[in-house]
Amino acid sequence: MKYRLTLTKMGLKKGLASKYALIFWLFSALISFAVQYFLWQAVLVGRPLAEFRQTISYLVLMQLLTTVFPKVSYDLNDKVRTGDIALDLLKPFSVEEQLFWEGVGYAVAKFALIGIVEFIIYLWLLNFQVSLLTILFIIVTAALAYVLYFELELILGTFSFYTYSIWGISTFKEAVLLILAGNIFPANFYPVVLKAIASYLPFEYSFGAVGLLAQAPTWQLFGQVITIQLLYILLFYYLSRLLLKHSITVTVIQGG
Amino acid sequence: MRYLKLLLTYMKVNLKSLAIYDLDFYFAIAGMIIQNVLNILALRFIFNIVPQIKGYSFEQLLLTYALASLSFAIFKCFFINALNISDYLHQGTFDAILVKPVNPLFQLVNARVDEDSWGDLLVALILLIIVDIQLQQPWYITLMFMFIALFTSLIFLGLAILGNVVSLLSNGIADLAETTFDFFEMSKYPLAIYAQALKIVLTFVLPLGWVASIPQEKIAQKHEWFWLAIIPAVCVLFFLLVYQVWRLFLAKYQSTGS
Amino acid sequence: MIIKTENLTKHYQKVTSSGLLHKKTKTVQAVQNVSLQVEQGQRVGLVGLNGSGKSTLIKLILGILQPSSGNVATFGVEPITHRQQNARKIGVVFGQRSQLRWDLPAMDTFKLNREIYQVAQSDFQARLAKLTRMLAAEDFLTQPVRTLSLGQRMKAEFIAALLHDPELLILDEPTIGLDTLSKNSIVQFLKSLTSKTIIFTSHDLDEVEQVCSRIMIMNQGHLVLDQNSSELVKFAVPSTITFTSKQVSYDELKSSWPNVRQLVNGDFEIAKIKPEQVKDILSKLTATVPIENITVKNNRLEYLLAHISGGKAHEI
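Residue numbers (this note's numbering), protein chains in the order written: chain R, 1 to 256; chain Y, 1 to 258; chain X, 1 to 316.
In structure tokens form, the structure reads like this:
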């Protein structure tokens, strides 16, 4: 446990050390918020204000998750390219666990520096009228979404063992997230078919589901979301371990 | 003339380095095409909710999107390395550029290209042609837009350089280079959707309105041909202003560097 | 005259710690009052420890940096404003940064440089053939640079820097990190470049002396020594002999070798041996003591730095 805490602290420090980079990350998040804000204002003109606020707050929440969630695939890719992964493999903890706990620390730093502002914007958009229960729902599902996303990123990162860079694959991932996770476009505006497909795939459960729950915070939906999240987490846990193990044993570490 | 010849050599060398494709390259191309398609679909979904946005139909909004994408794709294909200027300075490789008898900015911009952007360029071009046909624009308007996009990409180049200069002057405190991508997001929509103050900023300060919105309004809608001269002139002017900032920065680098 | 500096001085601000709002900075005197002249055809070795100001001086000469005060003229002109013009006559090799395209064969960088420096095709071919032969580089110029060893890469860097036949060749730590074999072949190559003016910086005095007829030593921004290498070689620097011997104890040794010291790792050391004594001591030592391993070394640079005054090395 102590080792995990140390890793988390390391990640936290790394985040705080790059505080300026993070603050300008916020700047860029605000630009994209402005674009979304004006776009949806123009789209929903003449409709009840509540609908606009719902939509834009959903997008801010998605923005917040995107900010805080880890970019493990890049970390893993770096480690493979520099050969540092060899050092990590020698440690008494699995690579994925090292990545996870360090990522948690970094995420805390990101939340403290950027996420908090986005969260305040989120609350402001809802006139600060959010029930405690809703916030609790958001926290629990967001935490599970975090773990799920971590696993997806980890799986993506294993491609590093087979190609020189994973930039293209990341682009591909972002394309998938764009539509199937509902983190750029509100999932409840999807056509019915797409909505149905997305609701079975894992991607929505690392983003859009949290937002949908925030809009309609019922115990029933909550139960449904976390069940599916847990199932996917379990599935991907074994899948990512299997893939990582396979990749490490099969391939020669580049530059190592 | 000399620089033209040099540009050709750079292109030849850069193309060669593109030939080292691997699996990742194909993923990137596929990813980019999918992203474009999805962006368009998302726009389509919006029009499932409302028939028009601030007087713009789906096709018209698609034209704004296509124009911005074409301009940004040209930037990505040819000027993308401008985003990495600060890396060259931090790693000290900039010194190796300064000791050559060619303009350093020219060398920097040409030192690397992004192979994945060709897909973007292709998609943007196809999209522009399709949208123009849908809107029943005469063919010469499409050509005019292609001509204008060559210049409007200079706006992104200017912003990328500016972002790097700010980042370097603040010792990496303000890493603004990546913001170029967010600016692209802003340029994808008509100025009409933005608040009045932001409209003014996007016209006179950060000239993003000139990328797609203004060309669309003046040329596709109003057929005011003299804008074919004004828009490129504005782009060149903006770039020259940024270039002066870059020169000032270079002088500062030389007096304070180690 | 190729290079002339007068009271050349450069300081810069270095950030020592930075908080959210304010930063602490300290002024680093990188180059202080350096006056020197380099004539055509001279080979100058510029030696100093890390941080002595060698690289900054080089950058001032190249027009990369603006002096804080004093003057510098390269090829008779102020280098900042004439940087691109001077660049045609200068070839530069930076040991720690590459001008080669990482993902492509070195040959492609050469072709690019041919355009950048506007070299005629026939000249280019002739020089390329000659340099390739001199450096025995035939085998690897068509392989991607990222697959080359450091030694091969440096050879390619040298070719890239010389293809436009520069009058002045500036080498900033070109041998850093190289193995002895590669170092030697670079040194041999440099010796054969007889017609060029060379500035060769390094922290290895011995290596520079093999190539250069004139040695300058910098220390903390000052040019502390400027001397012919033939004179400098005569300057006697004491040596240290270190050896391993598992079979004798320190006390046994001490009786016949009063100067011996034992190091923490169990090795023995005899320090401050005058040059003329080294040979004697070595042969006596190897004859009388069972030795597993022995090295002789002298830190000439550090020793010289302690014995310099008035621009020359002096015996105390």
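Every residue, glycine too, gets a C-beta built ideally from N, C-alpha and C.
Report the rounded CA-to-CA distance for residue i versus residue j, giving the unit in angstroms.
i       : j       : result
T201(X) : I155(R) : 48 Å
Q35(Y)  : S117(Y) : 12 Å
I214(Y) : I31(R)  : 20 Å
G15(R)  : S230(X) : 56 Å
V318(X) : T295(X) : Because chain X in this structure spans residues 1 to 316, residue 318(X) falls outside the shown range and cannot be described.
I228(R) : I179(R) : 19 Å
D84(R)  : L141(X) : 29 Å
L61(Y)  : T203(Y) : 19 Å
Q96(X)  : D179(X) : 15 Å
K155(X) : Q121(X) : 22 Å
A17(R)  : D87(Y)  : 18 Å
E59(Y)  : L135(Y) : 7 Å
F128(R) : L169(Y) : 39 Å
A111(Y) : Y10(Y)  : 8 Å
Y149(R) : F52(R)  : 28 Å
F207(R) : A181(R) : 6 Å
M62(R)  : G211(R) : 7 Å
A313(X) : E209(X) : 15 Å
K274(X) : A82(Y)  : 58 Å
Y74(R)  : D103(X) : 21 Å
R44(Y)  : S57(R)  : 21 Å
Q42(X)  : D226(X) : 13 Å
M146(Y) : S247(R) : 46 Å
S153(Y) : A28(Y)  : 22 Å
V80(R)  : V99(Y)  : 34 Å
Y140(Y) : I133(Y) : 11 Å
Which residue marks the beginning of the beta strand (DSSP E) containing residue i, and which one marks its end?
i       : result
M218(X) : 214-219
K218(Y) : Unbroken run through K218(Y): none, as it is neither H nor E.
I294(X) : 293-297
L168(X) : 168-172
V92(X)  : 90-94
Can you list, in chain order, the residues of its chain with a C-beta nearer than 7 Å to that of residue i? Leave out the 5 residues immediately preceding and following it.
i       : result
D108(X) : R101
K111(X) : none
L87(R)  : none
S192(X) : M134
K12(Y)  : none
R83(X)  : G63
Would you identify the three-state DSSP class for residue i, choosing helix, strand or coil?
i       : result
Q35(Y)  : helix
D103(X) : coil
N33(X)  : strand
T81(X)  : coil
L162(X) : helix
I336(X) : Only positions 1 to 316 of chain X appear in the structure, and residue 336(X) is not among them; the question remains open.
V224(X) : strand
E115(X) : helix
A209(R) : helix
F24(R)  : helix
H246(R) : helix
N71(X)  : strand
S57(Y)  : coil
Q262(X) : strand
N7(X)   : strand
F289(Y) : The structure shown has nothing for residue 289(Y), since chain Y only spans 1 to 258.
R4(R)   : helix
Residues in the same chain with beta-carbon distance under 6 Å from residue i, minus the five sequence neighbours each way, listed in chain order, please.
i       : result
I193(Y) : K54
I121(R) : V60
V299(Y) : A query on residue 299(Y) cannot be resolved here, the shown segment of chain Y reaching from 1 to 258 and no further.
K4(X)   : Q37, A73
For residue i, report the span of its alpha helix (DSSP H) as first-last.
i       : result
S167(Y) : 139-169
K272(X) : Not the alpha helix (DSSP H): K272(X) falls in the beta strand (DSSP E), residues 268-273.
N77(R)  : 72-82
V95(R)  : 95-110
F124(X) : 121-134
V187(X) : 180-192
L198(Y) : 196-204
Whose C-beta lies closer than 8 Å to the C-beta of residue i among residues of the same chain, with five residues either side of it excluded?
i       : result
I316(X) : Low confidence applies here, because I316(X) scores a pLDDT of 48, under 50, leaving its location unreliable; read the following figure in that light. Excluding residues within five positions, the ones whose Cβ falls inside 8 Å are H307.
Mind listing which residues of the segment 175-206 of chain R have their C-beta closer than 8 Å to chain Y's C-betas, in chain order?
A175, V176, L178, I179, I184, F185, F189, Y190, P191
Chain-ordered residues of the segment 23-46 of chain Y with a beta carbon less than 8 Å from chain R
L23, D24, F25, Y26, F27, A28, I29, A30, G31, M32, I34, Q35, L38, N39, L41, A42, F45, I46
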